[in-house]
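At position 110 of the sequence shown (counting the first as 1) the number is 1467 in the numbering used here, and the numbers step up by one without a gap. Even for Gly, the Cβ is constructed at its ideal location relative to N, Cα and C.
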Amino acid sequence: MAQVREVPDPARLRLDSYPFVREVPARFGDMDIQRHVNNVAIASFYEDGRANLNMRMFGEGLFSQVREFRFVVLETRTRYLREAPFPATYRVGVGITRFGRSSFEYGLGLFHDAECVGLCESVLVHMTSSGPTAVPPERRALMEKYAFPAAVRPESESGQLADR
């Protein structure tokens, strides 16, 4: 039985819809035998985008210091829309597409030049030493600044407005 593929939200296919943008260069080791970026490297590009937005919101010590909270990835889904050529520099657009009580979902897009080559959704859970817990209001307020779609032009990882 053939599955019907859901058509992506058109806003997800535009880099300017994402409130945070991170540039990621493809390395030689990311290339497969057909001279495309391989799927493991693409997954790491998405991870890099998520991690850098988390550090933007909660500080660079988020991963290197003991904190009273952490985020755990519950689920990640990836959709490949086009081949990702090598060599190239990519841009990962990141925004929070859904807020729950103790979880939230990142929507990510991978762009080569102006073309979206893939989409990713990642569900993360807010955890403390007692397990999954509600995201506190002050943390949620920081996160809401990066809700998708972006109301203003996205920031790059340097904190400057992203070039278009």
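- Put simply, the backbone Cα of Thr1433 is about 18 Å away from that of Tyr1375.
- Here Leu1481 really is in contact with Phe1461; their C-beta atoms are around 6 Å apart, less than 8 Å.
- In the structure shown, the three-state DSSP call for Phe1505 is coil.
- Apart from sequence neighbours up to five positions away, the residues of its chain that approach Pro1444 with a beta-carbon distance below 7 Å are Ala1383, ordered along the chain.
- Listed in chain order, the beta strand (DSSP E) runs fully inside the segment 1364 to 1389 are 1377 to 1382, counting runs of at least 3 residues.
- The Cβ-Cβ distance between Val1381 and Tyr1447 falls below 8 Å.
- Between Val1378 and Leu1370, the C-beta spacing is not below 8 Å.
- In the DSSP secondary-structure assignment, Glu1425 is not bridged to any residue.
- In the DSSP assignment, Ser1401 is bridged to no other residue.
- Relative to His1469, the option among Gly1452, Arg1455, Ala1441 whose CA is nearest is Ala1441.
- Taking every protein chain shown into account, the CB of Gly1466 has 16 or more other CB atoms within 10 angstroms, so this residue is buried.
- In the structure shown, Phe1461 falls within a strand segment according to DSSP collapsed to helix, strand and coil.
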